[in-house]
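Be aware that the sequence shown starts at 1, since it is given in full-length UniProt numbering, and climbs by one per residue.
This report concerns only the one structure given below.
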Amino acid sequence: MSFYVRSRTGGLRSSGLLRLTTTLALAAYPAGGVLMIAGPASGLSEAASSLGGYALIALSLLCFALIAPSYFQRIAGEETRLLDERELDLRRRAYAFAYQAFTVLALLGVIYLAIATDTHPGRRIELWTPHAYEHWNTIFWGVMLYAFVLPTAWLSWAAPAPIGEDED
1 MSFYVRSRTG
11 GLRSSGLLRL
21 TTTLALAAYP
31 AGGVLMIAGP
41 ASGLSEAASS
51 LGGYALIALS
61 LLCFALIAPS
71 YFQRIAGEET
81 RLLDERELDL
91 RRRAYAFAYQ
101 AFTVLALLGV
111 IYLAIATDTH
121 PGRRIELWTP
131 HAYEHWNTIF
141 WGVMLYAFVL
151 PTAWLSWAAP
161 APIGEDED
C-alpha cells in the first residue's frame, strides 16, 4: 500500500508540475547513485562525485516531497473507501502500469547482476556489482522510491486533469 500526505490546500498541483517532479524523482536518484559510484573511476574527484551524487539524490527526494500531498498521489495512496469509482479505476490502471514497469526494471536488474557476476577481473569487460552496505542501501531506497512514484507518474502523464485545474 502506498501513502498520501494530506495538505491544507487539497493537494491540487498542475499536471505539468507533477510530470516534471515525477520524472525528476525517477531520473535524479539513479543518476546520483551512479555518479557517486562511478565518478571517481571516470576521473572526477571523490569529493565532486559525492557532492554531485548527494545533490541529485536530494533533488529526487525534494521532488518526492512535492508529489506526496498531490491529488494524483491521493488517488494512488488513499484508503479505497474514500475514493469514488472514477478514482478507483484510475488507481487500478496506475497500479497495473506500475507493476508492469517495476517487473521489467527488476528483471533487467537481475539480468545485469547475472552477467556482471559472471565477469571476472582481468577479462575484457568488467562490470560493477554491489559489494558494500552503501551500495545495497542505495539500491534498496531506489527500489522504494520507484515503488511509490511509478503509479503517480503514470497518473500525471496519462490520467485526465483533475476537476478544477486550469490547463494551459
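Where is the CB? At the ideal position from N, CA and C, for every residue including glycine.
How many angstroms separate the CA atom of residue i from the CA atom of residue j?
i, j, result
"P130", "V143", "14 Å"
"L83", "E134", "39 Å"
"A158", "W141", "26 Å"
"V149", "E46", "30 Å"
"T152", "L61", "15 Å"
"W136", "A48", "22 Å"
"A55", "S156", "25 Å"
"D168", "T21", "Residue placement at D168 cannot be trusted, given a pLDDT of 48 that sits under 50; the coordinates are not used to answer."
Can you tell me whether residue i is buried or exposed, with buried defined as 16 or more other CB within 10 angstroms of its CB?
i, result
"A147", "exposed"
"W154", "buried"
"G32", "buried"
"Q73", "buried"
"L35", "buried"
If I follow the unbroken alpha helix (DSSP H) through residue i, where does it start and stop?
i, result
"E85", "E85 to D118"
"I67", "E46 to I67"
"R74", "Y71 to G77"
Going by DSSP in three states, residue i sits in which element: helix, strand or coil?
i, result
"T23", "helix"
"T152", "helix"
"R13", "coil"
"T80", "helix"
"A159", "coil"
"E134", "helix"
"L127", "coil"
"P40", "helix"
Does the ligand ZN have even one heavy atom less than 7 Å from the beta-carbon of residue i?
i, result
"A98", "For the structure depicted, the ligand ZN is absent and the ligand set is empty, with no information on it obtainable."
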